[in-house]
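Participant: Structure below; questions to follow.
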Amino acid sequence: MSDEHLSGRITKGIGGGYTIMLDDGSSILATPRGVFRNRKVVPTVGDFCTVAPSGDPDIPYVIESIAERKNLLIRPSVANIDVLIIAVSTCDPEPDLKLLDKLLILCAKLSIDPLIWLTKIDLAPEKAALLEKEYSDAGFCVVGTSKDSMLSDEKINEIFRGHTVGIAGQSGVGKSTLCHRLTGMDHIEVGNISERLKRGKHTTRHVELFPFREGFLIDTPGFSSLEIDRIGIEVEDVVRGYPELLSISGTCRFQDCRHKGELGCRVEESGITDARLARYREFLDIMIESSKRYAK
Ligand SMILES: Nc1nc2c(ncn2[C@@H]2O[C@H](COP(=O)(O)OP(=O)(O)OP(=O)(O)O)[C@@H](O)[C@H]2O)c(=O)[nH]1
Ligand SMILES: [Mg+2]
Ligand SMILES: [Zn+2]
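Below, the structure is given as C-alpha cells:
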C-alpha cells in the first residue's frame, strides 16, 4: 500500500458522499471510485475502507477499497455490527417476545452477539425476574435497568469496547431513554420507529455511527418490527435462535428432526419453555410456507 492510502471506517453516507473516520480519529469526506458501481458493491455505513486523495477540493478523498464484511444488514443498511442490544420492557408496553425471538434468530444468522436489556423493571419486578430466568437459562446474556438504576461503568465498557453496537426494540420500551442515559446525547434516534415507517412507507433511513467508549453506537431508526420471512433468513436458520434446541441436536431419533412432534423427538430434554417452543414452531411453519411460495 502506498503512503497516500489511509484506512478508516464509514460513519455516515448521504447522497453518494461518505463521511469516514480515519484511524487517527479525524473525519474526512469521500466518494467511491467508479469501480464499485461495476462490481455492484455499495459502500455502506460500518464498512472498513481505505481512501486516497482525490485532488478535488470539495470532496478530497476517494474510497479505494472496502474490507470484507463480517455481516450486512439490509434495512437499516449497516455493515459490521458486533452487538445488538435488544431492549424489552417488562410492561407498558407488554413485552413483544415474538419480536425478541426473531431478533435473536437474526443475530445468530449474522454472527451478532445479542444482549437482552430488560427495561422498566421498577414497574414489574417479578415479571422481570421471570424473563431474566427464561432467557438466561436459554443461554443469552440478560441485563436489566429501572427508572433509577444503570449498569456499572465497567459493564458498559465491556459492552462497547472495540464493538459496534446497535439498539433495537419495539416502540416505547425505553431505547431513547437508555441511549440518553448511556451517552448523554439527545439527538440520537436509536431504533425509533418513525411515523412514516409505521405507515409502511419506504423512507430512506439515515444511519450514523457515533464513537462511544472505544466502540461505536449505531444511530438508526428501524430495527423495530420485523416480518420473520422478510429478514433474509432461511428455514434452517430458525433453530439458531434457540440454543436450547441446538443443545439436543442429533439426539432425536431422526437426524433432521425439526422438533415439531416427530416420532422419537426429545425436545422435552432441551429445557426449552413451552412459550419459546411455540414461537419456534410458529416461525418454522411460516418459513416453510414462505419457502414453498418462493420455490413455485
Ligand atoms: N418506569 C420506567 N419508565 C421508563 C424506563 N425507561 C424508559 N421509561 C419511560 O418509557 C417511555 C418511553 O421511553 P422512550 O425512551 O421514549 O422509548 P423508545 O423505545 O425510544 O420509543 P420509540 O422512540 O417510540 O421507539 C418514556 O416515558 C420513558 O420515561 C424505566 O426504566 N422505568
Ligand atoms: Mg425513541
Ligand atoms: Zn426433535
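Count the sequence shown with this note's numbering and you get residues 20 to 315, in order.
The beta carbon of each residue, even a glycine, is placed where N, CA and C say it ideally should be.
Would you check whether ligand 2 has a heavy atom nearer than 7 angstroms to the C-beta of SER195?
Facilitator: For ligand 2, at least one heavy atom lies less than 7 angstroms from the Cβ of SER195.
Participant: How would you label VAL54, buried or exposed, when you count the other beta carbons within 10 angstroms and need 16 or more for buried?
Facilitator: It counts as exposed.
Participant: If you draw a straight line from the C-alpha of ASP331 to the C-alpha of PHE229, how long is it?
Facilitator: For residue 331 there is no data in the structure shown, the boundaries of the chain being 20 and 315.
Participant: DSSP has THR164 in a bridge; who is on the other side?
Facilitator: According to DSSP, which records beta bridges pairwise, THR164 is partnered with nothing at all.
Participant: How many angstroms separate the CA atom of LYS217 from the CA atom of SER190?
Facilitator: In this prediction, LYS217 has a pLDDT of 49, which is less than 50 and means its spatial position is unreliable; nothing more can be read from the coordinates.
Participant: Once you ignore the five residues that flank SER26 on each side, which residues in its own chain have a CB closer than 8 angstroms to its CB?
Facilitator: Around SER26: LEU41, ASP42, PHE67, CYS68, THR69, VAL70.
Participant: What do you get for GLU324, buried or exposed, if any count of 16 or more other CB atoms within 10 angstroms of its CB means buried?
Facilitator: Shown here, the chain extends from 20 to 315; a query on residue 324 therefore has no answer.
Participant: Any idea if LEU11 is buried or exposed, counting beta-carbon neighbours within 10 angstroms, 16 or more meaning buried?
Facilitator: The displayed coordinates of the chain run from 20 to 315. Any statement about residue 11 would go beyond what the structure contains.
Participant: What is the C-beta distance between ILE186 and LEU170, in whole angstroms, given that I count them as a contact (C-beta under 8 angstroms)?
Facilitator: No, ILE186 and LEU170 are not in contact; Cβ-Cβ is about 14 angstroms, not under 8 angstroms.
Participant: Nearest CA to the CA of ALA49: which residue from GLU287, GLY35, LYS59, ARG58?
Facilitator: Nearest of GLU287, GLY35, LYS59, ARG58 to ALA49, Cα basis: GLY35.
Participant: Helix or strand or just coil, what does DSSP make of GLY27?
Facilitator: GLY27 falls in the strand class under three-state DSSP.
Participant: How is MET306 classed by DSSP in three states: helix, strand or coil?
Facilitator: Correct three-state label for MET306: helix.
Participant: Taking 7 angstroms as the cut-off, is the C-beta of ALA106 nearer than that to any heavy atom in ligand 1?
Facilitator: Within the cutoff, so yes.
Participant: Run the CB neighbour count on TYR313, radius 10 Å, all protein chains shown included, and call it buried at 16 or more, exposed below.
Facilitator: The residue in question, TYR313, is exposed, as its Cβ has fewer than 16 Cβ neighbours within 10 Å.
Participant: What whole-angstrom Cβ distance do VAL102 and LEU149 have, given they're in contact under 8 angstroms?
Facilitator: That belief does not hold up - the Cβ atoms of VAL102 and LEU149 are roughly 24 angstroms apart, past 8 angstroms.
Participant: Could you tell me the alpha carbon to alpha carbon distance between ARG88 and LEU116, rounded to whole angstroms?
Facilitator: If you take the alpha carbons of ARG88 and LEU116, they lie about 29 angstroms apart.
Participant: State the Cα-Cα distance for the pair SER168 and VAL162, rounded to the nearest angstrom.
Facilitator: About 11 angstroms.
Participant: Could you check what DSSP says for THR63 in three-state terms: helix, strand or coil?
Facilitator: In this structure, THR63 counts as coil in the three-state DSSP scheme.
Participant: Given this structure, state the Cα-to-Cα distance separating ILE82 from ASN99, to the nearest angstrom.
Facilitator: Distance between the alpha carbons of ILE82 and ASN99: 17 angstroms.
Participant: Note down, one range per segment and in chain order, each alpha helix (DSSP H) of at least 4 residues found wholly within the stretch 121-173.
Facilitator: Here the runs fully enclosed are 144-156.
Participant: Where does TYR37 sit, in a helix, a strand or coil, going by DSSP?
Facilitator: Looking at TYR37 - three-state DSSP - the assignment turns out to be strand.
Participant: Only counting the same chain, and skipping five residues up and downstream in sequence, which positions put a Cβ closer than 7 angstroms to that of ARG300?
Facilitator: These residues qualify, in order along the chain: LYS279.
Participant: Is it the case that the CB of VAL286 approaches a heavy atom of ligand 3 more closely than 7 angstroms?
Facilitator: Correct: VAL286 has its Cβ closer than 7 angstroms to ligand 3.
Participant: Is GLU255 a contact residue of ligand 3, with contact defined as CB to any heavy atom under 7 angstroms?
Facilitator: No, since every heavy atom of ligand 3 falls outside the 7 angstroms radius drawn around the Cβ of GLU255.
Participant: Which first and last residues belong to the alpha helix (DSSP H) in which SER84 is found?
Facilitator: Not the alpha helix (DSSP H): SER84 falls in the beta strand (DSSP E), residues 80-85.
Participant: I need the straight-line Cα distance from PRO72 to LEU236, nearest angstrom please.
Facilitator: About 28 angstroms.
Participant: Assuming GLY188 contacts ALA106 (C-beta within less than 8 angstroms), just tell me the rounded distance between them.
Facilitator: Right, their Cβ atoms sit about 3 angstroms apart.
Participant: Alpha carbon to alpha carbon, what distance is there between ILE307 and THR222?
Facilitator: Low confidence applies to THR222: its pLDDT is 46, below 50, so where it sits in the model is not reliable enough to give any reading.
Participant: Leaving out five residues before and five after ALA147 in sequence, what residues of the same chain have Cβ atoms less than 6 angstroms from its Cβ?
Facilitator: Hits under 6 angstroms: THR109, LEU137, ILE140, GLY163.
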